[in-house]
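Asks: In this note's numbering, the protein residues as written are 1 to 701. Beta carbons are placed, not taken as given, at the ideal position from N, Cα and C, and that holds for glycine. Model, not experiment: these values are computed from the prediction.
1. Does the distance from the C-beta atom of residue 493 to that of residue 512 stay below 9 Å?
2. Quick one: using the 10 Å Cβ neighbour count with 16 as the cut-off for buried, is residue 544 buried or exposed?
3. Per the DSSP calculation, residue 83 is bridged to which residue(s)?
4. Using three-state DSSP, classify residue 193 as helix, strand or coil.
5. Starting from residue 74, follow the alpha helix (DSSP H) in both directions and report where the run begins and ends.
6. Check whether the stretch 126 to 134 and the stretch 149 to 166 touch, using three or more Cβ-Cβ pairs below 8 Å as the test.
7. Can you give the beta carbon distance from residue 194 to residue 568, rounded, assuming they're within the 8 Å contact cut?
8. Taking residue 179 and residue 596 to be in contact with their CB atoms under 8 Å, please state how far apart those CB atoms are, rounded to whole angstroms.
9. Buried or exposed: residue 153, going by 16 or more other Cβ atoms within 10 Å of its Cβ?
10. In this structure, does DSSP put residue 632 in helix, strand or coil?
11. Assign residue 693 to one of three DSSP states: helix, strand, or coil.
12. Since residue 288 is in the beta strand (DSSP E), which residue starts that stretch and which ends it?
13. May I ask you to report which of helix, strand or coil DSSP gives residue 509?
14. Sorted by chain position, which residues of the same chain lie with C-beta nearer than 6 Å to residue 122's C-beta, five sequence neighbours on each side aside?
15. Which residue or residues does DSSP assign as beta-bridge partners of residue 370?
16. Does residue 332 pass the burial test, meaning 16 or more other C-beta atoms within 10 Å, or should it be called exposed?
17. Which ranges would you report for the beta strand (DSSP E) in the stretch 655 to 683 if only whole runs of at least 3 residues count?
18. Give the single residue among 351, 404 and 376 whose Cα lies nearest to the Cα of residue 392.
19. What are the complete beta strand (DSSP E) segments, minimum 3 residues, inside the stretch 163 to 207?
20. Report yes if the CB atom of residue 667 is closer than 9 Å to the CB atom of residue 631, and no otherwise.
21. Would you mind reading off the limits of the alpha helix (DSSP H) that contains residue 533?
22. Report the rounded CA-to-CA distance for residue 202 versus residue 480, giving the unit in angstroms.
23. Going by Cα to Cα distance, which pick from 285, 297 and 339 is closest to residue 311?
24. Does the stretch 542 to 560 come close enough to the stretch 500 to 507 to have 3 or more Cβ pairs within less than 8 Å?
25. Taking only three categories from DSSP, how would you classify residue 317?
26. Taking the beta strand (DSSP E) that residue 479 falls in, what are its first and last residues?
27. Could you name the residues that DSSP lists as bridge partners for residue 297?
28. Classify residue 699: buried if its beta carbon has 16 or more other beta carbons within 10 angstroms, exposed otherwise.
29. Quick test of the definition: if touching needs 3 or more C-beta pairs under 8 Å, does the stretch 670 to 688 touch the stretch 506 to 526?
30. Compute the Euclidean distance between the alpha carbons of residue 402 and residue 156, then round it to the nearest angstrom.
31. Is the Cβ-Cβ distance between residue 427 and residue 359 less than 9 Å?
32. Can you tell me where the beta strand (DSSP E) with residue 264 in it begins and where it stops?
33. Taking DSSP as the reference, what is the three-state secondary structure of residue 728?
34. Under the three-state reduction of DSSP, which class applies to residue 412: helix, strand or coil?
35. Can you tell me which of the three DSSP states residue 459 falls into?
36. Could you please give the first and the last residue of the uninterrupted beta strand (DSSP E) stretch that includes residue 361?
What follows is the structure, encoded as structure tokens:
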């Protein structure tokens with residue numbers, strides 16, 4: 001039951017050790033570069049290179065092969081980087097680091113930003129030595145404007161760490177499909193930062209926390225970005241949506257300072273999660289990087305790696321070689337380009353080989369981009385998405401459909417929009433092997449509680465049935481009420497506007513304030529989670545929401561590495577009761593498999609409160625915002641379920657549909673009465689009085 005881990009020995013680019021020749025082979029891809037000098041260092045900071053090799057170019061690949069003993073002469077690890085020359089700065093025999101010998105321009109019309117004075121780390125690095133802000137807080141050493149262009153930064157620049165890597169084995173989880181998961185989104189550090197545990201806030205601590213996670217009912221943890229990023233980029237960058245490298249794990253989250261120690265610790269985390277039958281999903285950002293940032297003048301940019309190696313192929317460029325910004329984060333990856341698409345495929349393959357079970361793609365519509373110009377054009381049948389699955393399968397990986405039971409393979413989840421560009425909203429348009437975050441479901445569940453007069457039964461039915469008008473294939477909807485980006489669940493029902501300290505949050509985000517009425521507030525929270533757990537699709541919560549974590553109304557806490565984001569597990573009595581209710585609803589979903597059945601929707605019948613069936617064509621009911629309740633029966637051989645969701649200001653009398661022979665209804669949950677009993681409380685009457693704005697579940701036994 002173990003999964004063998006493949007490592008850098010199997011990577012087609014970057015540095016890898018050849019055991020037969022006893023050499024380390026270096027391969028760097030660049031279509032535009034003319035010359036590359038490989039620089040080897042014995043320390044990551046403070047020294048000049050002890051070895052420099054002019055790399056040989058074969059087509060678009062630069063090669064070098066060096067004997068192991070020559071590279072490891074100072075220890076079991078070395079660091080390296082590249083000086084890259086091109087049309088705007090061709091190599092001259094007289095060139096010396098820190099000079100302008102050979103220099104033509106900072107940026108040419110082809111979009112080249114070559115500058116051998118700036119050392120580039122390898123795009124295929126398994127570990128970066130350090131981040132840029134730790135040696136140059138204002139990025140002066142890495143910028144290309146003015147005299148900064150001539151500053152040789154090789155002594156302080158982040159470098160690629162290389163050492164011989166250990167193989168490991170990872171235990172597998174039980175055989176199950178994505179449809180059967182309960183997903184919890186969480187930031188790695190926030191998970192344990194306030195817990196009394198060794199190495200809090202690290203992979204090591206998270207691994208020790210696996211048993212606690214399991215007790216909540218969560219079966220898959222979706223970590224916010226873990227690919228290396230600079231926590232202090234732009235002042236502060238806690239969430240990590242500014243990746244520096246797609247193969248290196250975030251070093252700061254490791255308790256180990258050893259070379260590749262972070263990677264080993266991350267593998268151990270996966271192994272411990274798998275031992276507890278919890279899968280691991282990585283949130284990955286392949287739409288932009290944390291590098292390409294302009295400082296007013298287009299010639300003054302950050303130069304870390306991709307821009308130095310092949311700027312015009314890694315990034316989308318508009319007129320005058322400006323970076324495009326359809327991601328809303330200063331630049332866009334050029335995903336239609338082969339060099340960039342190869343990087344993405346190889347990166348996903350690498351993390352699968354480390355034991356990762358699933359991937360959530362941030363602003364995934366970038367994979368549909370068909371335009372090589374500065375004008376993004378997204379097409380569900382175009383871009384690299386058209387061969388995405390095939391490429392991963394060619395690399396030896398199985399891509400599972402969301403409803404497919406498997407002990408092998410991975411699941412893919414899309415955030416189906418971009419910030420701008422033609423046809424940038426693509427909900428429901430990804431291939432059937434992708435599940436998708438469903439903002440229609442999210443917004444409707446919020447409306448039911450926050451703006452009930454704006455919701456009708458048809459909209460509620462749409463949520464319950466997994467937004468069928470958007471998803472032509474089954475079980476692809478990731479249903480959620482809140483995520484990292486926006487209010488927490490508790491704050492969603494507490495504040496009517498963002499905390500004024502929020503930096504860049506969405507002022508108009510839908511929320512509802514109950515003016516201190518905690519009874520109504522708690523009912524709304526229970527009701528939202530109940531709807532989530534009985535709807536067709538895959539439910540996702542924030543892990544902190546299980547414990548009613550509050551960010552004091554901050555709905556964009558990307559920049560805060562403090563108690564705003566760190567999850568507090570010490571609850572008052574009120575939150576303790578709410579937390580237990582949420583955990584019981586999660587348990588209800590897991591124990592009652594009918595709700596994750598691929599044919600769940602076929603088993604649903606809709607009723608008026610009087611127990612007569614609703615006519616499918618009764619638009620006076622379905623499309624009427626004054627129709628304040630939806631009632632439905634889920635037919636199941638082992639016992640039917642009856643669920644009612646009300647948005648009425650008054651109590652509503654529910655008359656039950658006729659029971660199966662020798663069975664009666666049992667009350668499972670009532671959100672307003674704060675009642676939940678998974679075994680069910682026998683209810684022998686033929687009708688039930690549902691409280692205002694509440695929801696209930698009955699089961700026939």
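Replies: Reading it off the structure:
1. What you label residue 493 is simply residue 493 of the chain shown in a count that begins at 1. What you label residue 512 is simply residue 512 of the chain shown in a count that begins at 1. Yes. Within cutoff.
2. Sequence index remark: in the chain shown, residue 544 carries index 544 (1-based). Flag for residue 544 reads buried.
3. Against the chain shown, residue 83 aligns to sequence position 83. Partner(s): 37.
4. The count along the chain shown starts at 1 and reaches residue 193 at position 193. Here residue 193 sits in coil by DSSP.
5. The residue you call residue 74 lines up with position 74 of the chain shown. Premise fails: residue 74 is in no alpha helix (DSSP H) and is neither H nor E.
6. yes
7. On the chain shown, position 194 is the one that residue 194 refers to. On the chain shown, position 568 is the one that residue 568 refers to. Indeed, because the Cβ distance is near 6 Å, the residues count as touching under 8 Å.
8. Your numbering for residue 179 matches position 179 in the chain shown. Your numbering for residue 596 matches position 596 in the chain shown. Rounded, the Cβ-Cβ distance is 5 Å, consistent with contact.
9. Taking the first residue of the chain shown as position 1, residue 153 is located at position 153. By the 10 Å Cβ count, residue 153 comes out buried.
10. On the chain shown, position 632 is the one that residue 632 refers to. Reduced to three states, the DSSP call for residue 632 is strand.
11. Position 693 of the chain shown holds residue 693. Coil.
12. The residue labelled residue 288 in the question sits at position 288 within the chain shown. That residue, residue 288, is in no beta strand (DSSP E); it is neither H nor E in DSSP.
13. Walking along the chain shown from the start, residue 509 turns up at place 509. Looking at residue 509 - three-state DSSP - the assignment turns out to be coil, as it is neither helix nor strand.
14. On the chain shown, position 122 is the one that residue 122 refers to. So the list reads 14 and 160, once near-sequence residues are dropped.
15. Taking the first residue of the chain shown as position 1, residue 370 is located at position 370. According to DSSP, which records beta bridges pairwise, residue 370 is partnered with nothing at all.
16. Within the chain shown, numbered from 1, the residue matching residue 332 stands at position 332. Buried.
17. 665 to 670 and 675 to 683
18. The residue labelled residue 392 in the question sits at position 392 within the chain shown. For residue 392, the nearest C-alpha among the options comes from 351.
19. 169 to 171 and 183 to 186
20. Stepping through the chain shown from its first residue, residue 667 is reached at position 667. Stepping through the chain shown from its first residue, residue 631 is reached at position 631. Not a contact, by the Cβ cut-off of 9 Å.
21. Counting from 1 along the chain shown, the entry for residue 533 is found at position 533. 518 to 533 is the span of the alpha helix (DSSP H), which, as asked, contains residue 533.
22. As a first step, residue 202 is located in the chain shown; it is residue number 202 there, counting from the start. As a first step, residue 480 is located in the chain shown; it is residue number 480 there, counting from the start. For residue 202 and residue 480, the distance between alpha carbons rounds to 27 Å.
23. Here residue 311 corresponds to residue number 311 of the chain shown, with the count starting at 1. Checking every option, the nearest Cα to that of residue 311 belongs to 339.
24. yes
25. Mapped onto the chain shown, residue 317 falls at position 317. Note: residue 317 maps to strand in three-state DSSP.
26. Numbered from its first residue, the chain shown carries residue 479 at position 479. From DSSP, the beta strand (DSSP E) with residue 479 extends over 477 to 480.
27. Here residue 297 is taken as the residue at index 297 of the chain shown, counted from 1. In the DSSP output, where bridge partners are listed per residue, residue 297 has 295.
28. Residue numbering aside, residue 699 sits at position 699 when the chain shown is read from its first letter. Looking at its Cβ environment, which holds 16 or more other Cβ atoms inside 10 Å, residue 699 is buried.
29. yes
30. As a first step, residue 402 is located in the chain shown; it is residue number 402 there, counting from the start. As a first step, residue 156 is located in the chain shown; it is residue number 156 there, counting from the start. Going by the C-alpha atoms only, they are around 46 Å apart.
31. To locate residue 427, count along the chain shown from 1; it is residue 427. To locate residue 359, count along the chain shown from 1; it is residue 359. It is not a contact, given that the beta carbons lie outside the stated cut-off.
32. Residue mapping note: residue 264 aligns to position 264 of the chain shown, counting from 1. Per DSSP, residue 264 belongs to no beta strand (DSSP E); it is in the alpha helix (DSSP H), 261 to 275.
33. Outside the displayed span of the chain (1 to 701) sits residue 728, for which this structure offers no information.
34. One-based indexing of the chain shown puts residue 412 at position 412. Correct three-state label for residue 412: strand.
35. Counted from its first residue, the chain shown places residue 459 at position 459. Residue 459 falls in the helix class under three-state DSSP.
36. As a first step, residue 361 is located in the chain shown; it is residue number 361 there, counting from the start. First-last of the beta strand (DSSP E) with residue 361: 358 to 361.
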